[in-house]
Amino acid sequence: MTVQGRGQRLDTPGEARRVEILHALERKLLWLSAWMIHTANHIRPNRDGLKVGGHQASCASSVSILAALYFGMLRPADRVAVKPHAGPVFHAINYLLGRQKREKLETLRQFGGIQPYPSRVKDGGEVDFSTGSVGLGVALASFGSLVQDYVHLHNLAPEGIPPGRHVAVVGDAELDEGNIYEALLEGWKHDIRNVWWVVDYNRQSLDSVVPDRLFGRIEGLFRDMGWNVVTIKYGRKLEAAFARPDGEHLRRWIDDCPNSLYAALTFQGGAAWRSALLAELGRIEGIRAIIDPLTDDELAALMTNLGGHDIETLMEAFRTQDAEGDQPTCFIAYTVKGMGLPFAGHKDNHSGLMTKEQMGSFRELMAIRPGHEWDLFEGLDIPEAELRDFLASVPFAEPLTAAGRSLVSPAIHVPATFAAPKVGEGRKQSTQAAFGDILAEIGRGRDEFADLAKRIVTTSPDVTVSTNLGPWVNRRGIFDRHKKNDVFRDAKLASAQRWGMSPEGQHVELGIAEQNLFLILAGLGLADRLYGARLLPIGTVYDPFVNRGLDALIYACYQDARFLLVSTPSGLTLAPEGGQHQSVNTPLIGMAADRLAAFEPAHADELAILLRHAFDHMQKPDGSAVWLRLSTRGLLQPERTLDPAAVIAGAHWVVPPAAGARIAVAYQGALAPEAMAAFEELRSEEPTAGLLAITSPDRLHAEWLASRRAVRGGVRQVSHIERILAPLAPGAALVTVLDGHPAAHAWMGAVRGQRVVPLGVDRFGQAGDIPDLYREYGLDSDAILDACAEALLG
Ligand SMILES: Cc1ncc(C[n+]2csc(CCOP(=O)(O)OP(=O)(O)O)c2C)c(N)n1
Ligand SMILES: [Mg+2]
Numbered sequence: 113m114t115v116q117g118r119g120q121r122l123d124t125p126g127e128a129r130r131v132e133i134l135h136a137l138e139r140k141l142l143w144l145s146a147w148m149i150h151t152a153n154h155i156r157p158n159r160d161g162l163k164v165g166g167h168q169a170s171c172a173s174s175v176s177i178l179a180a181l182y183f184g185m186l187r188p189a190d191r192v193a194v195k196p197h198a199g200p201v202f203h204a205i206n207y208l209l210g211r212q213k214r215e216k217l218e219t220l221r222q223f224g225g226i227q228p229y230p231s232r233v234k235d236g237g238e239v240d241f242s243t244g245s246v247g248l249g250v251a252l253a254s255f256g257s258l259v260q261d262y263v264h265l266h267n268l269a270p271e272g273i274p275p276g277r278h279v280a281v282v283g284d285a286e287l288d289e290g291n292i293y294e295a296l297l298e299g300w301k302h303d304i305r306n307v308w309w310v311v312d313y314n315r316q317s318l319d320s321v322v323p324d325r326l327f328g329r330i331e332g333l334f335r336d337m338g339w340n341v342v343t344i345k346y347g348r349k350l351e352a353a354f355a356r357p358d359g360e361h362l363r364r365w366i367d368d369c370p371n372s373l374y375a376a377l378t379f380q381g382g383a384a385w386r387s388a389l390l391a392e393l394g395r396i397e398g399i400r401a402i403i404d405p406l407t408d409d410e411l412a413a414l415m416t417n418l419g420g421h422d423i424e425t426l427m428e429a430f431r432t433q434d435a436e437g438d439q440p441t442c443f444i445a446y447t448v449k450g451m452g453l454p455f456a457g458h459k460d461n462h463s464g465l466m467t468k469e470q471m472g473s474f475r476e477l478m479a480i481r482p483g484h485e486w487d488l489f490e491g492l493d494i495p496e497a498e499l500r501d502f503l504a505s506v507p508f509a510e511p512l513t514a515a516g517r518s519l520v521s522p523a524i525h526v527p528a529t530f531a532a533p534k535v536g537e538g539r540k541q542s543t544q545a546a547f548g549d550i551l552a553e554i555g556r557g558r559d560e561f562a563d564l565a566k567r568i569v570t571t572s573p574d575v576t577v578s579t580n581l582g583p584w585v586n587r588r589g590i591f592d593r594h595k596k597n598d599v600f601r602d603a604k605l606a607s608a609q610r611w612g613m614s615p616e617g618q619h620v621e622l623g624i625a626e627q628n629l630f631l632i633l634a635g636l637g638l639a640d641r642l643y644g645a646r647l648l649p650i651g652t653v654y655d656p657f658v659n660r661g662l663d664a665l666i667y668a669c670y671q672d673a674r675f676l677l678v679s680t681p682s683g684l685t686l687a688p689e690g691g692q693h694q695s696v697n698t699p700l701i702g703m704a705a706d707r708l709a710a711f712e713p714a715h716a717d718e719l720a721i722l723l724r725h726a727f728d729h730m731q732k733p734d735g736s737a738v739w740l741r742l743s744t745r746g747l748l749q750p751e752r753t754l755d756p757a758a759v760i761a762g763a764h765w766v767v768p769p770a771a772g773a774r775i776a777v778a779y780q781g782a783l784a785p786e787a788m789a790a791f792e793e794l795r796s797e798e799p800t801a802g803l804l805a806i807t808s809p810d811r812l813h814a815e816w817l818a819s820r821r822a823v824r825g826g827v828r829q830v831s832h833i834e835r836i837l838a839p840l841a842p843g844a845a846l847v848t849v850l851d852g853h854p855a856a857h858a859w860m861g862a863v864r865g866q867r868v869v870p871l872g873v874d875r876f877g878q879a880g881d882i883p884d885l886y887r888e889y890g891l892d893s894d895a896i897l898d899a900c901a902e903a904l905l906g
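In this note's numbering, each residue's number is its place in the sequence shown (first place is 1) plus 112.
So, in structure tokens, the structure goes:
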């Protein structure tokens, strides 16, 4: 797949002037980003005495890279992840392009203002990918490219939106994050194309200067993963010096200079550079000829003339690579952290802020008059009209659509009901099996389900078969940019799985890396807004390993990606697999994660309702991602008619209590049989008791909180849990049980002041069978009955 053609060559007429303009804009970005942060810290009133912060040094490091990209290379359809700490530069670029307001720039880090790190949801549609948790945005740029390929190869892209390149501007310390390498490997397997990672190689992280020679390693890793690596080390001034007689000595000296020494000399400036150079190279005639005529400032400028600050070198590297084709490419652009600012190179500069005095000198250097700090072209020695013409002519200035960069894609019809699978009389079924069956049925793409089936895309980190996606995959095939036959099938070797791969396939098979699962779900779940094609992504994973990808899951939700997470098997109920695989905390994660509606059905009829709801909810403007926690434990399936609204709201009475009842038993998920057995015994003593099925403590809790908040607004909507608990006596006991942490239910006592006795798991699990484990952890029907007795007596 080829992306659009790019900008002009460097040697076209007028190019010299374009470079001058780019230099001016680069300078403007340096000023504006520093001034935004300064305003937030020193100009706006500070009411609480807390440090506001910002990262002037991180911004300064990346201005040339970002200027070269946005004002030179990028096309409207390209999608960019900007390293988190360069957020102010990104907003300044949009300001110059007329896509950001001055008033807004003044609100950096203020309530309702620009976020410290670019945020899709809070900063608006100009942000392609949120960044902040380092490493994730970078990897998402790669997965985004895969998703874009998926959309185009399935012919789902709207007309007029060509595929773009995915670019990540990366802080060098982001490459310490393991998820980067997981993403590289997965990207290699999927043969991703049109991805650029541009590393702002300032050799500084937060605490320190990075080890020397590190990039030898990293470069090798990229090459091993099939990437091009382009090192942009020196700028033109230094290259010219190296080309002079004896200049090679200078190159070697810098090449061998430890990162910390280079950083320290940069901070100290020209005189320090001179004495260091003279001490080591002072006897070499050609070196003296290079450095002696220079003033200290000129020498400092020469010695810090790294490629990542030389816009012409950057442009040249980008254009050359652009012409090379679509192989993923890592640019290692050498930079100085804090370039052009008083703390350039200082190892502690990550959170460093210019003082008012330093800002005063910097303002003079930038030729900014007081009161004109925000003026677009203040202090630049190029006529305003020319700058405006230039900005209007950069390829990226062309709007992607009339409505901007955030696209829309109409909702896909979801049939009114999904049938629960039929099971024979007396046969048991698990929620996981029911999930596989319902999805396989949808996969037939019959009648009303045809559109829905086309938009579903499934993915799983090597647990496709064991989470019951197999039948769906057999019907819809595996996605790959290249057609690959299923060797086992071709050889007529018996297997339940048909694993032919093709561009039409609808399942993306991942290696075991849960962060990758959530990152691709983030990409798939933003496909409507990024690529104009609504997808309905489903990712499956073992429940305990949600924890392994948790930051990426939260990151996906933070960006409002819409997907269905199915985690199974879950809890102690997994039994013989033991404590490492038995999840405990996931119900609490489901409650605490924003923009993620979490459910745990016990029976297939509830699952069918919730699965249907998930497809609906993930498409609603005020919806969210959805999580279904499932189990492999087969349960007898009740014959009944459910109220879908109650199942979706989080709880329904299986046996309603009589008014004023003293007690009820509530269960969630696979413990339904234990709760039912205990309830039957309880009922012989307490005929008014009720039995409650909880399908989502998350939804119950969220609605309860929301309704309490609404009181303040003058409107009081009674929440579902309040209605559910209303028939019980004011002091009634509610014995609750789930295969997960009991805190998920404990809060219910606060709803009406009733007494909750929460049963669940608060210790690591262990191998065993279900009777032993449920007894040991106090989840069996005896334990539930004991809790009931205690509650009634107490
Ligand atoms: C996952 C995560 N861990 C820690 C941090 C805190 N943190 C913010 S920036 C940073 C260092 C970043 O260094 P680098 O990527 O080199 O950025 P630059 O030098 O360009 O500022 C750290 C540790 C974070 N944002 N995310
Ligand atoms: Mg760095």
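Every residue gets a Cβ at the ideal spot worked out from N, C-alpha and C, and that includes glycine.
{"Item": "Distance cut-off 7 angstroms: Lys449 Cβ against heavy atoms of ligand 2", "Value": "yes"}
{"Item": "Span of the alpha helix (DSSP H), counted from its first residue to its last, around Ser170", "Value": "Gln168 to Ala180"}
{"Item": "Contact under 8 angstroms by Cβ, Glu815 with Val759", "Value": "no"}
{"Item": "Proximity winner among Leu564, His857 and Glu792, relative to Leu551 (alpha-carbon distances)", "Value": "Leu564"}
{"Item": "Span separating the alpha-carbon of Arg641 from that of Ala634", "Value": "11 angstroms"}
{"Item": "His832, DSSP secondary structure in three states", "Value": "helix"}
{"Item": "Near ligand 2: Asp358 beta-carbon under 7 angstroms from a heavy atom", "Value": "no"}
{"Item": "Contact under 8 angstroms by Cβ, Val99 with Ile205", "Value": "In the structure as shown, the chain starts at 113 and stops at 906, and residue 99 therefore has no counterpart that could be examined."}
{"Item": "First and last residue of the uninterrupted beta strand (DSSP E) at Val873", "Value": "Careful: Val873 lies outside any beta strand (DSSP E) and carries neither H nor E."}
{"Item": "Runs of alpha helix (DSSP H) wholly within the region 251–307 (minimum 4 residues, chain order)", "Value": "290–301"}
{"Item": "Any non-hydrogen atom of ligand 1 closer than 7 angstroms to Pro200 Cβ", "Value": "no"}
{"Item": "C-alpha gap between Lys213 and Pro275, whole angstroms", "Value": "29 angstroms"}
{"Item": "Beta-bridge partners of Lys540, as assigned by DSSP", "Value": "Leu748"}
{"Item": "Buried/exposed call for Tyr670, threshold 16 Cβ in 10 Å", "Value": "buried"}
{"Item": "Three-way DSSP call (helix, strand, coil) for Glu888 in this model", "Value": "helix"}
{"Item": "The region 762–772 / the region 798–809 touching (three or more Cβ pairs under 8 angstroms)", "Value": "yes"}
{"Item": "Assigned exposure category for Ala822 - 16 Cβ within 10 Å defines buried", "Value": "exposed"}
{"Item": "Contacts around Ala899, its chain only, beta-carbon distance under 7 angstroms, and the 5 residues preceding and following it disregarded", "Value": "Val847, Val869 and Leu871"}
{"Item": "Neighbourhood of Asn153 by C-beta distance below 6 angstroms, restricted to the same chain and skipping five residues each side", "Value": "Val164 and Leu465"}
{"Item": "Thr441, enclosing beta strand (DSSP E) - first and last residue", "Value": "Thr441 to Tyr446"}
{"Item": "Exposed unless 16 or more other CB atoms sit within 10 angstroms - verdict on Ser600", "Value": "The amino acid occupying residue 600 in the given sequence is Phe; Ser does not appear at that position. Classification for Phe600: exposed."}
{"Item": "Gln212 beta carbon near ligand 2 (any heavy atom closer than 7 angstroms)", "Value": "no"}
{"Item": "Environment of Ser257 [buried if 16+ CB atoms lie within 10 Å]", "Value": "buried"}
{"Item": "Arg130 versus Ile568: straight-line alpha-carbon distance, rounded", "Value": "47 angstroms"}
{"Item": "Terminal residues of the beta strand (DSSP E) in which Arg741 lies", "Value": "Ala737 to Arg741"}
{"Item": "Ligand 2 heavy atom lying under 7 angstroms from the CB of Gln316", "Value": "yes"}
{"Item": "Ligand 1 heavy atom lying under 7 angstroms from the CB of Val575", "Value": "no"}
{"Item": "Helix, strand or coil at His458 according to DSSP, with G and I counted as helix", "Value": "coil"}
{"Item": "Cβ distance (whole Å) where Leu208 is taken to contact Leu137 below 8 angstroms", "Value": "7 angstroms"}
{"Item": "Same chain, Cβ closer than 8 angstroms to Leu897, five either side skipped, listed in chain order", "Value": "Ala790, Glu793 and Leu794"}
{"Item": "Continuous alpha helix (DSSP H) stretch holding Gly398: start and end", "Value": "Glu397 to Ile403"}
{"Item": "Which listed residue (Glu626, Asn659 and Phe876) has its alpha carbon closest to that of Gly651", "Value": "Glu626"}
{"Item": "Given 8 angstroms, three or more beta-carbon pairs between the region 252–271 and the region 413–429", "Value": "no"}
{"Item": "Reduced DSSP category for Asp717 - H, G, I as helix; E, B as strand; rest coil", "Value": "helix"}
{"Item": "Any non-hydrogen atom of ligand 1 within 7 angstroms of Val246 CB", "Value": "yes"}
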